[in-house]
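K.L.:
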Amino acid sequence: MIQSYFTNMMDFKNIYNQDEFLNNNPRQACLSIITTPREVFELNENWMFSKQVMFEDTDNVEHPRALTHEMAYDIVKFLLEVNEADVECLTVHCFAGISRSRAVVLFFKEVIRESAVEDLTRTPFVTHNRLVYSRLVKAYRRILDEEEQTSVGKD
Numbered sequence: 001m002i003q004s005y006f007t008n009m010m011d012f013k014n015i016y017n018q019d020e021f022l023n024n025n026p027r028q029a030c031l032s033i034i035t036t037p038r039e040v041f042e043l044n045e046n047w048m049f050s051k052q053v054m055f056e057d058t059d060n061v062e063h064p065r066a067l068t069h070e071m072a073y074d075i076v077k078f079l080l081e082v083n084e085a086d087v088e089c090l091t092v093h094c095f096a097g098i099s100r101s102r103a104v105v106l107f108f109k110e111v112i113r114e115s116a117v118e119d120l121t122r123t124p125f126v127t128h129n130r131l132v133y134s135r136l137v138k139a140y141r142r143i144l145d146e147e148e149q150t151s152v153g154k155d
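With the working numbering, the residue at position 119 of the sequence shown is 119, and numbering never jumps.
1) Is it the case that the Cβ atoms of Leu131 and Ala66 are separated by a distance below 9 Å?
2) Following the continuous alpha helix (DSSP H) through Met71, name the residue where it begins and the one where it ends.
3) Beta-carbon within less than 7 Å of Glu42's beta-carbon, same chain only, minus the 5 sequence neighbours each way: which residues are those?
4) Once DSSP output is grouped into helix, strand and coil, what is the label at Asp11?
5) Would the beta-carbon of Met48 fall within 9 Å of that of Gln28?
6) Which whole-angstrom value is the C-beta distance of Val77 and Ile143, which I expect to be below 8 Å?
7) Taking 9 Å as the cut-off, decide whether the C-beta atoms of Ala96 and Tyr133 are in contact.
8) Go ahead and pull the three-state DSSP assignment for Ile98.
9) Report the partner residues of Phe49 according to the DSSP bridge assignment.
As structure tokens, this is what we get:
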């Protein structure tokens, strides 16, 4: 199961009391997206898996704080690890909770889980960040290529 700030699967304010949430919901993973260091969301050490990344909500590839290819690679590695583990639920936390988190959730569902997503919550005014989504897809392809090369080298 995957939960995100923008979905109706869970009231996200519960995450801000992480001790209580994690006591009642073991085997949880959290990916936290922030824009600036002053927005820091302190991740509780009791998450089964957790990662915090910092990048701007922009589709502009030239923006100095846009998601980089290296960050996308790290995020995909994290998501693959979560997908392979005995994690009950992945929460994608983002202070804005609109386009960056949506891009990560759509990527996780569509690419890693290989299931088409009919996003009924999408409106003409709110959509996923296309730069984030495309960089995650490119990072995923790079990881698959690396794994293929490694397996060919072992033969």
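Idealized CB from N, CA, C, for every residue including glycine. Predicted model, so just to flag it, every value in this text is computed and none were measured.
P.N.:
Result, derived from the coordinates:
1) yes
2) His69 to Glu84
3) none
4) With a pLDDT of only 40 at Asp11, under 50, the local geometry of the prediction cannot be trusted, and no value is derived from it.
5) yes
6) The question names Val, but residue 77 is Lys in the sequence shown. At roughly 7 Å, the Cβ-Cβ gap stays under 8 Å, so Lys77 and Ile143 are in contact.
7) no
8) coil
9) Ala29
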